[in-house]
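Novice: So the number in the working numbering is just where the residue sits in the sequence shown, counting from 1, plus 54.
Ideal placement from N, C-alpha and C gives every residue a C-beta, glycine not left out.
It should be emphasised that the depicted structure is a prediction, and the values quoted were computed from it without experimental measurement.
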Amino acid sequence: MKQTPFWVEDHPRPAGLGSDELPAEIDYLVVGSGLTGLSAALRLAEAGKQVAVIDSGEIAGGASSINGGMVSPDVKAGIDTVHAYYGPRVAADMWESTVRSVELVKELSRRPGIDAVTHSGGMAALGRGGKQLRAFDRKLEWYRGRFGVDWEVVDAREIDRIVGGDSFNVALYQPASLGVHPARLVFGLAAEVAQAGAKLVSHCPARSMERTRNGMTVSTGRGVAHAGDVILATNGYTTRAPSRELARLVVPVGSYIIVTEPVGKEMADSVFPGGAMTYTPKRLLNYMRRTHDDRVLVGGRRNLRPGLDLEASAVDLRQAMVRFWPQLEDARVSHVWGGRVGVTFDLIPHIGRVDGAWYALGYAGHGVALALQLGHELAGMLLGEDPTSVYATIPHNGRFYYTGRSTWFLTPASLLYRALDRMGV
Ligand SMILES: Cc1cc2nc3c(=O)[nH]c(=O)nc-3n(C[C@H](O)[C@H](O)[C@H](O)COP(=O)(O)OP(=O)(O)OC[C@H]3O[C@@H](n4cnc5c(N)ncnc54)[C@H](O)[C@@H]3O)c2cc1C
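Next comes the structure, spelled out in structure tokens:
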């Protein structure tokens with residue numbers, strides 16, 4: 055079993071992506087070369103601005119090339135929660151933006167050289183029993199009443215068209231959701247950004263920054279750059295440099311994935327008959343999909359902490375897979391890996407400003423489409439093309455117990471979530 059991401063082995067990072075020269079003067083310096091930073095850079099560079107995107111590691115070496123590739127509208131907290139906090143106007147604007155985010159994935163994927171959409175069979179939340187069925191019914195009614203969604207609650211009579219096996223007998227199906235190949239999406243996007251004239255600089259950590267009379271000065275591992283504006287797009291890999299203030303606002307949470315060796319079309323069809331990607335709607339959830347070459351991918355976590363032992367994570371995830379689909383007992387796990395998702399305390403993504411720089415982050419494991427969308431919206435604001443973004447209009451708060459250093463609270467939170475999930479509340 056390899057402890058490396060399957061996606062990057064299947065679609066390696068193009069050679070020469072990322073130079074080692076940092077331009078001294080640019081209009082915009084983007085810190086972080088995942089989907090957020092690249093999406094912002096693409097819009098800015100295509101508007102004729104001088105842009106540099108820097109990353110402390112490889113280009114797109116964070117979550118964006120190694121995720122589950124599952125794309126659907128909504129934010130992690132749920133627009134119903136946003137509605138409860140901020141009312142119908144903010145909820146409607148944010149919902150609209152999340153729907154556009156899925157369209158943005160499709161649009162970008164149509165560009166030559168990206169071609170990342172591998173599945174358009176929708177996505178389904180899976181469950182069992184009458185209580186879960188009623189919860190799905192309530193959710194559908196709420197979203198349909200406000201936004202006219204085309205989702206569907208599927209009961210035991212028809213569950214076979216969504217998922218195989220006996221473990222699940224009810225589902226909430228969202229037909230417009232997509233599956234992508236993450237490495238194709240983000241490496242293709244990086245190539246487009248370079249093509250549009252932006253400079254991509256790898257192994258170039260931003261260490262500190264300060265405001266100047268006409269912009270910002272950023273000290274990096276490859277020298278100093280002066281920029282009119284800085285965008286921090288560091289999400290789950292945010293540290294206390296270059297902004298301690300930002301590190302307080304987003305918590306790095308671990309996320310782990312296994313894929314099996316190819317199981318063959320017949321077996322993959324027996325698990326995912328209609329091609330829908332699936333997940334269990336819990337606090338410590340699992341998500342499951344097939345890959346373009348008929349592997350089974352299972353993601354999730356036992357504990358919210360980053361950096362868990364990968365072998366132990368593979369054992370946990372494999373156990374979940376075989377519990378859901380005993381026919382996969384003989385399927386061998388070929389890859390296991392982990393990464394970091396950026397979680398805000400309200401589980402809503404945010405655009406904001408710290409220490410003179412702009413930031414966009416906090417997708418809570420729901421960021422393939424949203425990272426692209428927030429990067430795009432932030433660039434639109436900076437260009438003066440969009441008056442604002444809904445993610446910039448709501449407060450973004452930290453908590454007194456988190457300074458951007460120790461995430462000690464993730465272990466007790468994991469225990470609590472596990473207990474609540476077991477109780478079904
Ligand atoms: C295992 C896993 C599975 C996931 N599955 C899904 C899924 O199925 N669907 C979904 O929607 N989302 C999923 N996500 C979440 C999704 O991948 C992220 O929300 C999204 O990729 C975030 O993109 P980003 O550009 O904001 O951050 P990232 O892609 O993480 O990029 C941040 C970059 O910032 C760089 N950086 C940090 N600090 C500095 C610094 N000081 N100087 C320079 N560079 C710096 C890092 O090196 C990193 O490359 C998953 C995430 C993980 C880890």
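Could you check whether the Cβ of residue 309 sits closer than 6 Å to any heavy atom belonging to ligand 2?
Specialist: Absence of ligand 2 is noted for the structure shown, with ligand 1 being the only ligands found.
Novice: Measuring straight from C-alpha to C-alpha, what distance separates residue 273 and residue 76?
Specialist: Going from the Cα of residue 273 to the Cα of residue 76 covers about 11 Å.
Novice: Would residue 197 be called buried (16 or more neighbouring beta carbons within 10 Å of its own) or exposed?
Specialist: Under this definition residue 197 is a buried residue.
Novice: Let me know the secondary structure DSSP gives residue 148 once reduced to three states.
Specialist: In this structure, residue 148 counts as helix in the three-state DSSP scheme.
Novice: Just to confirm, does residue 35 get its C-beta within under 6 Å of one of the non-hydrogen atoms of ligand 1?
Specialist: The structure shown does not extend to residue 35, since the chain spans only 55 to 479, so no value can be given for it.
Novice: From what residue to what residue does the alpha helix (DSSP H) around residue 24 run?
Specialist: Residue numbering for the chain in the displayed model covers 55 to 479; residue 24 lies beyond these limits and cannot be assessed.
Novice: Do you know whose CA, among 310, 288, 311 and 313, lies nearest residue 302's CA?
Specialist: The shortest C-alpha separation from residue 302 is found at 288.
Novice: Rounding to the nearest angstrom, what Cα-Cα distance links residue 266 and residue 412 in this structure?
Specialist: Cα-Cα distance, rounded: 15 Å.
Novice: Does at least one heavy atom of ligand 1 sit under 6 Å from the Cβ of residue 176?
Specialist: Answer for residue 176: no, Cβ out of range of ligand 1.
Novice: How would you call residue 460, buried or exposed, if buried means at least 16 neighbouring beta carbons within 10 angstroms?
Specialist: Exposed.
Novice: May I ask which residues mark the beginning and end of the beta strand (DSSP E) holding residue 333?
Specialist: Element bounds for residue 333: 331–333.
Novice: Got a sec: does ligand 1 put a non-hydrogen atom nearer than 6 Å to the Cβ of residue 287?
Specialist: Flag set: Cβ of residue 287 near ligand 1.
Novice: If I measure Cβ to Cβ from residue 391 and keep anything under 8 Å in the same chain, skipping five residues before and after, which residues do I get?
Specialist: Result list for residue 391: 57, 58, 59, 60, 120, 310, 311 and 364, in chain order.
Novice: Where does residue 228 fall in DSSP's three states?
Specialist: Looking at residue 228 - three-state DSSP - the assignment turns out to be strand.
Novice: With a Cβ-Cβ cutoff of 7 Å, do residue 471 and residue 300 count as a contact?
Specialist: No, Cβ-Cβ distance for residue 471 and residue 300 is not below 7 Å.
Novice: May I ask whether a heavy atom of ligand 1 can be found less than 6 Å away from the beta carbon of residue 197?
Specialist: Residue 197: no, Cβ never under 6 Å from ligand 1.
Novice: Could you tell me the distance, in whole angstroms, from the CA atom of residue 457 to the CA atom of residue 294?
Specialist: Their backbone Cα atoms lie some 9 Å apart in a straight line.
Novice: Who does residue 341 pair with in a DSSP beta bridge?
Specialist: According to DSSP, residue 341 bridges with 333 and 353.
Novice: Grab me the residues of residue 285's own chain with a C-beta within less than 6 Å of its C-beta, minus the 5 sequence neighbours each way, in chain order.
Specialist: Contacts found: 84, 94 and 412.
Novice: Here's the rule I'm using: 16 or more other beta-carbon atoms within 10 Å means buried, otherwise exposed. How should residue 155 be labelled?
Specialist: Buried, since its Cβ has 16 or more Cβ neighbours within 10 Å.
Novice: Could you work out which residue in 379, 203, 108 and 357 is closest to residue 257 when comparing CA atoms only?
Specialist: Closest option to residue 257, Cα to Cα, is 108.
Novice: Is DSSP giving residue 324 helix, strand or coil here?
Specialist: Three-state DSSP puts residue 324 in a helix.
Novice: Starting from residue 377 and walking both ways along the alpha helix (DSSP H), at which residues does that stretch end?
Specialist: That run of the alpha helix (DSSP H) goes 364–378.
Novice: Which whole-angstrom value describes the C-beta separation of residue 233 and residue 172, a residue pair presumed to lie in contact below a C-beta threshold of 8 Å?
Specialist: Rounded, the Cβ-Cβ distance is 5 Å, consistent with contact.
Novice: Beta-carbon separation of residue 117 and residue 393 under 7 Å?
Specialist: Yes; because the gap between Cβ atoms is below 7 Å, this pair is in contact.
Novice: Rounding to the nearest angstrom, what Cα-Cα distance links residue 99 and residue 254 in this structure?
Specialist: Those two C-alpha atoms are separated by around 12 Å.
Novice: Kindly list the residues whose CB is nearer than 7 Å to the CB of residue 123, restricted to its own chain and excluding five residues on each side of it in sequence; keep chain order.
Specialist: Excluding positions up to five away in sequence, the list reads 233, 234, 235, 236 and 422.
Novice: Short of 6 Å in beta carbon distance, which residues of its chain neighbour residue 424, apart from the five on each side in sequence? Order them along the chain.
Specialist: If we look at residue 424 and ignore the five residues flanking it on each side, its Cβ neighbours are 155, 403 and 417.
Novice: Run through DSSP, which three-state label would residue 15 get?
Specialist: The shown model of the chain, from 55 to 479, leaves out residue 15, and the question about it has no answer.
Novice: Compare the Cα-Cα distances from residue 270 to each of 315, 79 and 89 and report the closest residue.
Specialist: Comparing Cα positions, the closest option is 79.
Novice: Return the CA-CA distance between residue 357 and residue 341, expressed in angstroms with no decimal places.
Specialist: Going from the Cα of residue 357 to the Cα of residue 341 covers about 15 Å.
Novice: Near residue 297, which residues of its chain fall below 6 Å by C-beta distance, leaving aside the five closest residues on each side in sequence?
Specialist: Excluding positions up to five away in sequence, the list reads 408 and 409.
Novice: Quickly, what does DSSP pair residue 482 with across the bridge? List them, please.
Specialist: Missing from the structure shown is residue 482; the chain here goes from 55 to 479 and no further.
Novice: Can you give me the C-alpha to C-alpha distance between residue 213 and residue 468, rounded to a whole angstrom?
Specialist: Cα to Cα, the separation comes out at about 31 Å.
Novice: Looking only at DSSP bridge pairs, what is residue 56 linked to?
Specialist: Answer by DSSP bridge pairing, in chain order: 389.
Novice: DSSP has residue 127 in a bridge; who is on the other side?
Specialist: The partner list for residue 127 (beta bridge, DSSP) is empty, contrary to what the question assumes.
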